[in-house]
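Only one structure is covered here, and it is reproduced in the block below.
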Amino acid sequence: RTKSSSARLLVLQLFATMGKKWVPLESNPEVLTQFASKLGIDTSKYSFTDIYGLDPDLLAMVPKPVLAVIMCFPITEKSEATQKKEDEEQAAIAAGGGIPPATGVLYMKQTIGNACGTIAVLHSLCNNTAALAPEAGSFVDEFLKATEGMTWEARGKYLEEPPEGGPNIEAAHQAAAAVGDTAPPSEDEEVALHFVAFVHQGGHLWQLDGRRAGPVYHGSTSADTLLEDAAGVVAQFVARAEGSVNFNLIALAAAGGDD
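Here it is, written out as structure tokens:
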């Protein structure tokens with residue numbers, strides 16, 4: 009893998025404040041489905057599946073219902089500047105009451121380097137517990153109980169440093185990071201790709217990225233239109249990437265579909 013010196017410096021700066029670093033997950037629906045199963049999800053009912061493109065015909069191939077969309081995209085100086093500006097704009101609009109509060113949205117900060125894939129999976133699963141019904145005593149079940157009422161920062165820190173006897177995801181993450189179609193990089197390699205999740209909550213489309221100031225509001229959506237509405241946001245990312253093909257989309261959707 010080759011990176012420009014500016015891209016490498018950018019990634020080093022992004023993770024300089026993160027103490028612990030993990031081996032990153034592969035953006036692979038089979039890997040994420042196996043991971044979700046270990047976290048307490050019945051993947052015979054819902055699983056991760058590829059989204060092959062943004063055209064309506066390709067979106068129509070995705071099984072329904074869709075509970076979440078995960079995007080893996082390239083980190084660039086332009087993407088970072090755009091996101092910083094967007095956070096500032098959203099804060100100003102929210103202060104004036106122009107953005108609904110993220111009521112009911114389960115969100116956490118990312119405090120572990122290369123953990124963005126796991127954070128995106130957790131954002132997808134933890135915001136859809138009514139449909140997914142996590143197994144009692146599983147990681148998802150215990151994590152939600154243990155972190156109920158916590159701030160975004162405290163929830164992310166709990167994931168990094170769970171108390172003795174508390175739900176600990178690190179072993180499951182490392183097992184998931186060790187499999188896939190490509191050899192995993194080392195935990196010290198600067199990986200200039202990032203995972204985020206899109207979910208529907210309260211009639212709104214939220215982008216959940218543990219490196220952002222908070223949940224990012226992208227307007228109205230519904231359980232039926234989440235995939236198409238998220239695809240519209242993804243198209244904006246692609247347009248800003250100026251020809252980069254380092255994008256991958258995965259849906260958390262009905263296993264096998266009912267379409």
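Heads up: the sequence shown begins at 9 in our numbering, then just goes up one per residue.
Glycine is no exception: its CB is placed at the ideal position from the N, C-alpha and C atoms.
6 angstroms CB neighbourhood of residue i in its chain, flanking five on each side removed
i: E168; result: K28, T119 and I120
i: N136; result: L75
i: V113; result: Q209, W214 and P223
i: E161; result: K117
Exposure label - residue i; buried when at least 16 CB within 10 Å
i: S132; result: buried
i: E34; result: buried
i: K86; result: exposed
i: I101; result: exposed
i: A261; result: buried
i: K93; result: exposed
i: A247; result: exposed
i: D217; result: buried
Residue(s) in a DSSP beta bridge with residue i
i: M79; result: V204 and L257
i: V241; result: DSSP lists no partner for V241.
i: K29; result: G121
i: A262; result: Y54
Span of the alpha helix (DSSP H), counted from its first residue to its last, around residue i
i: G164; result: W160 to E168
i: S228; result: No alpha helix (DSSP H) holds S228; the beta strand (DSSP E) holding it covers V224 to S228.
i: V39; result: P37 to K46
i: A139; result: T137 to L140
i: L152; result: F147 to T155
i: A183; result: E178 to A185
Unbroken beta strand (DSSP E) run spanning residue i, endpoints
i: S55; result: Y54 to I59
i: L213; result: H212 to L216
Beta-carbon proximity list for residue i, same chain, < 7 angstroms, skipping 5 on both sides
i: G48; result: P142, E143, S146, F147, V148 and D149
i: D95; result: R220 and A221
i: P82; result: A200, L201, A249, S252 and N254
i: A269; result: No information on residue 269 is available, as it lies outside the stretch 9 to 267 that the chain covers here.
i: N36; result: G188 and D189
Cut-off 8 angstroms between Cβ atoms - residues of its own chain near residue i, not counting five sequence neighbours on either side
i: L67; result: I59, G61, L235, E236 and A239
message: In chain order, what are the residue ranges of uninterrupted beta strand (DSSP E) at least 3 long that sit wholly in the region 68-135?
response: If we require 3 residues or more, the beta strand (DSSP E) runs fully inside the region 68-135 come out as 74-82.
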